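Under the working numbering, the first residue of the sequence shown is numbered 67, with each subsequent residue one higher.
A short write-up of the structure that comes next.
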Amino acid sequence: MSILPIITYNDPILREKTQEVDIRMEVIDSFLEDLIETMYHSNGLGLAAPQVGSSRRIFVFDPDPMLEDEEEKLGLIVCINPKIIEQSSQQVSMDEGCLSIPDVKDMVKRAEAITLQYLDEHFVEHTCKFSGWPARIILHEYDHLDGILFIDHLSSFRRRMHKSQLKAIEAGEAEAPYPIRPKKHST
């Protein structure tokens, strides 16, 4: 298993739509192990394949650190070729951050509950309802699969408030307590 560097927000791969995994053709065991190890090493709640430079339609998440004591623990969940089947009309604003955008956090409004269809690491299909933090994490990671970042949900005013941090990331000057791979600038 390897810890992979996290791609920073200005890399074009984070703006591309991912490709579905062909479960008949692709062997992804070692990639999943690396993705999971990287997420935990980075203290992330979720990690999508594009964040480590892969165009596969995969993300992993573990919402347990954010759940209250009385809430049912879900543990690690691997989502291959996920599809959001339904979203509640009730929206909730909560603070979000992203491993690809170190030191930037802001309030993002998302559906409070969702129904997700996905394949697990054994290619078994699941259709599950999630609410609260698990739903938020899924929606955040799902956005990554479609080339959307959480800062895209911010108003231009809110985004301008993060201008100095975003410029530092673009210049390759951002620091994180995990390995990052800033986009290289051509000179």
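Here a beta-carbon is modelled for each residue, glycine too, at the ideal position from N, C-alpha and C.
What you are looking at is a predicted structure, and each value in this text was computed from that prediction instead of being measured.
Report the CB separation of Glu152 from Ile180 in whole angstroms; it is logged as a contact under 8 Å.
Here residue 152 corresponds to residue number 86 of the sequence shown, with the count starting at 1. Here residue 180 corresponds to residue number 114 of the sequence shown, with the count starting at 1. At roughly 7 Å, the Cβ-Cβ gap stays under 8 Å, so Glu152 and Ile180 are in contact.
How long is the line joining the alpha carbons of Met132 and Met91, rounded to whole angstroms?
Your numbering for residue 132 matches position 66 in the sequence shown. Your numbering for residue 91 matches position 25 in the sequence shown. Distance between the alpha carbons of Met132 and Met91: 36 Å.
If you pair each beta-carbon of the region 158-175 with each one of the region 226-237, do three or more pairs fall below 8 Å?
Three or more Cβ pairs closer than 8 Å define a contact, and the region 158-175 meets that threshold against the region 226-237.
Taking the CB atoms as reference points, tell me whether Gly238 and Pro245 lie closer together than 8 Å.
Taking the first residue of the sequence shown as position 1, residue 238 is located at position 172. Taking the first residue of the sequence shown as position 1, residue 245 is located at position 179. In this structure, the beta-carbon distance from Gly238 to Pro245 does not fall below 8 Å.
Taking the Cβ atom as the reference point for each residue, do Pro200 and Pro148 lie within a distance shorter than 8 Å?
Within the sequence shown, residue 200 is the residue found at index 134, counting from 1. Within the sequence shown, residue 148 is the residue found at index 82, counting from 1. Taking a C-beta distance under 8 Å as the contact criterion, Pro200 and Pro148 do not qualify as a contact pair.
Please look up how many angstroms separate the CB atoms of Phe216 and Cys164, rounded, as I've assumed it's under 8 Å.
Taking the first residue of the sequence shown as position 1, residue 216 is located at position 150. Taking the first residue of the sequence shown as position 1, residue 164 is located at position 98. Confirmed, Cβ separation roughly 5 Å.
Helix, strand or coil, according to DSSP, for Met160 in the structure here?
By one-based count along the sequence shown, residue 160 stands at place 94. Strand.
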